[in-house]
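Q: Residue numbers (the working numbering): 2 to 190.
If you scroll down you'll find the structure; I have some questions about it.
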Amino acid sequence: MSGFGNIPGLPPIDPQLKPNWFIGIGIVLIVLGAFAFLDTVVTTLASIVVIGMLLIFSGVAYLAQSFAHRDVPGSRFWITALMGFLYVLGGILLIQEPETGSLFLTAFLAGCLMASGVMRGLWAAGHRHVANWWTMVLSAVVALLTGIFIFVTLPWSGLWLIGTFIAIELIFGGLSALSFGLSLKRNGR
Numbered sequence: 002m003s004g005f006g007n008i009p010g011l012p013p014i015d016p017q018l019k020p021n022w023f024i025g026i027g028i029v030l031i032v033l034g035a036f037a038f039l040d041t042v043v044t045t046l047a048s049i050v051v052i053g054m055l056l057i058f059s060g061v062a063y064l065a066q067s068f069a070h071r072d073v074p075g076s077r078f079w080i081t082a083l084m085g086f087l088y089v090l091g092g093i094l095l096i097q098e099p100e101t102g103s104l105f106l107t108a109f110l111a112g113c114l115m116a117s118g119v120m121r122g123l124w125a126a127g128h129r130h131v132a133n134w135w136t137m138v139l140s141a142v143v144a145l146l147t148g149i150f151i152f153v154t155l156p157w158s159g160l161w162l163i164g165t166f167i168a169i170e171l172i173f174g175g176l177s178a179l180s181f182g183l184s185l186k187r188n189g190r
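The following block contains the structure:
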């Protein structure tokens, strides 16, 4: 089985990979994803609080870096200090108002999807001579309609959407790790 999974130009799969670890983490991720699905609102709000904490830590790091370089000529330490202050402020606001933060982030996501749909549509329209250009049009329509759906369902979608995405990612990550571990086990690793 030495050739299993080896791709020319890439290093071979390490024979010391431990399949039970992949199986274990896969099961853990699937269970966490199921819990996240049970209450997507709590998952959304918890994720917003974590994002807020990460912003505060990042802001403190920026502030420390700016003051460490305040005496260096041309360092423009005030720009980094302002950025650090804004990160800390944003983090505090997200932690104090996770519902508002989730609505804002969801609205931002909806706007990005709508803009992406329009841009893909314009790109596809300019490349109609390419075979299968319609797949880009289809992608544009899906992105645009998804963005519109999310936007028109605000504020309701702001409370469950992020948690739903997290739950889906956990479950699919778990399924892929589980599948990989089982595959390793079947191939005698």
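Glycine included, every Cβ here is placed at the ideal spot set by N, Cα and C.
Measure the C-alpha to C-alpha separation of ILE169 and SER117 and round it to an integer number of angstroms.
A: Their backbone Cα atoms lie some 22 Å apart in a straight line.
Q: Can you list, in chain order, the residues of its chain with a C-beta nearer than 8 Å to that of PHE68? Leave out the 5 residues immediately preceding and following it.
A: Around PHE68: PHE78 and ALA82.
Q: Excluding five sequence neighbours on each side, which residues of the same chain lie with their C-beta closer than 6 Å to the C-beta of VAL89?
A: Result list for VAL89: ILE57 and GLY60, in chain order.
Q: How would you label LEU114, buried or exposed, when you count the other beta carbons within 10 angstroms and need 16 or more for buried?
A: So LEU114 counts as buried.
Q: Under 8 Å by Cβ, that's how I've got ALA108 and PHE152 pegged, so tell me the actual separation to the nearest angstrom.
A: About 7 Å; that satisfies the 8 Å criterion.
Q: Please state the DSSP three-state secondary structure of ILE26.
A: Reduced to three states, the DSSP call for ILE26 is helix.
Q: Going by alpha carbons, who is nearest to GLY102 out of LEU64, ILE163 and HIS128?
A: Taking only the C-alpha atoms, the option nearest GLY102 is ILE163.
Q: Cβ of GLY53 within 8 Å of Cβ of ILE96?
A: Yes, they are a contact pair.
Q: Would you be able to state if there are at least three C-beta pairs under 8 Å between the region 178–189 and the region 23–31?
A: With the cut-off at 8 Å, the region 23–31 and the region 178–189 touch.
Q: Just confirm the distance between the C-beta atoms of ALA132 and LEU30, as a whole number of angstroms; I'd bet it's less than 8 Å.
A: At roughly 39 Å, the Cβ-Cβ gap does not stay under 8 Å, so ALA132 and LEU30 are not in contact.
Q: By alpha-carbon positions, which one of VAL143, LEU145, ARG121 and LEU94 ends up nearest to TRP134?
A: The option with the nearest alpha carbon to TRP134 is ARG121.
Q: What are the start and end residues of the alpha helix (DSSP H) that includes LYS186?
A: Taken as a continuous stretch (DSSP letters only), the alpha helix (DSSP H) holding LYS186 covers 157–187.
Q: In chain order, what residues of the same chain lie with their CB nearer than 8 Å to the CB of HIS128, ignoring the 5 residues before and after it?
A: Hits under 8 Å: TRP134 and MET137.
Q: What is the C-beta distance between ALA125 and ALA141, in whole angstroms, given that I count them as a contact (C-beta under 8 Å)?
A: That belief holds up - the Cβ atoms of ALA125 and ALA141 are roughly 6 Å apart, short of 8 Å.
Q: Taking buried to mean at least 16 other C-beta atoms within 10 Å of its own C-beta, is SER158 buried or exposed?
A: When all chains shown are included, SER158 counts as buried.
Q: If I follow the unbroken alpha helix (DSSP H) through VAL50, where does it start and stop?
A: Run containing VAL50: 41–69, per the alpha helix (DSSP H) assignment.
Q: If distances are taken between C-alpha atoms only, which option among LEU106, VAL119 and LEU146 comes closest to TRP161?
A: It is LEU106 whose Cα lies nearest to the Cα of TRP161.
Q: Would you kindly work out how many angstroms separate the C-alpha atoms of TYR63 and SER180, rounded to a whole number?
A: So the two alpha carbons sit approximately 41 Å from each other.
Q: Can you look up ARG121 in the DSSP assignment and give me helix, strand or coil?
A: Reduced to three states, the DSSP call for ARG121 is helix.
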